[in-house]
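Trainee: Residues 30 to 214 (my numbering) are what the sequence shown spells out, left to right. For glycine and all other residues, C-beta sits at the position ideal for the given N, C-alpha and C. Keep in mind that this is a model prediction, so the values were computed, not measured.
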Amino acid sequence: MQKSNFIFIVLQMLAATVIGQNSFTLKSNDLGGEATITQEFNGFGCTGENQSPQLSWSNAPEGTKSFAITMYDPDAPTGSGWWHWVVFDISADVNELAANAGNVKLNLTPKGAIQSINDYGMMGYGGPCPPKGHGLHQYMITVHALKTDTLGLTAETNAAVVGYYLWNNTLAKASIVAYYQKTAE
């Protein structure tokens, strides 16, 4: 290998490492590639613990003034998917939500954060509960870095309206995807 090619390859590897380290990233300590009975909804025929996963994020873009978290199932047999969790007005100095923060009764979200109505018709987290035998569903959990301190919405605002405001105010997004299915009995 020629010396110039070697140097070029090393520089490419270094650039990829540096770029990757500065990427807006979402992680979870208790959720891998598959949701579990811990995250599964309790209701609608499901018997899970309905605990939202711990989430943490890093490397938000410059200009971020707040964050929002959404959890969406595009595979739900509704024609429009299913919103499982919508949290917004999370202060820019916050970079983590504790496990079970989606339980509004426990008051584990950061001060000022709002958990609005999910497609189960309740505020806070509503875990996976795909129909039995419907196959794998993907649950996309996304953190949105926003260019505004607040969306100016309330906990009664439905997910579609929140989504519209997110679309207009998002600087960057980072997501993780977990899969879940209920097998036919």
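Which partner residues of S87 appear in the DSSP bridge assignment?
Mentor: T54
Trainee: Keeping to the same chain, check which residues put their C-beta closer than 6 Å to that of T67; ignore five residues upstream and five downstream.
Mentor: E78 and Q80
Trainee: Closest to Y10 by CA distance: which of T171, P159, I143 and T186 is it?
Mentor: Since the first residue shown for the chain is 30 and the last is 214, residue 10 is missing from the structure and cannot be characterised.
Trainee: How many whole angstroms separate the CB atoms of D104 and H166, which I take to be in contact at a CB cut-off of 8 Å?
Mentor: 4 Å
Trainee: Name the DSSP beta bridge partners of G72, please?
Mentor: C75
Trainee: Opposite M169 in the DSSP bridges: which residues?
Mentor: Y101 and V206
Trainee: By how many angstroms is the C-alpha of S57 removed from the C-alpha of G108?
Mentor: Those two C-alpha atoms are separated by around 29 Å.
Trainee: Exposed or buried, W114, counting other C-beta atoms within 10 Å across all chains shown (16 or more means buried)?
Mentor: Buried is the call here.
Trainee: Going along the chain, which residues of its own chain have a beta-carbon closer than 8 Å to the beta-carbon of N51, five neighbours each way excluded?
Mentor: N88
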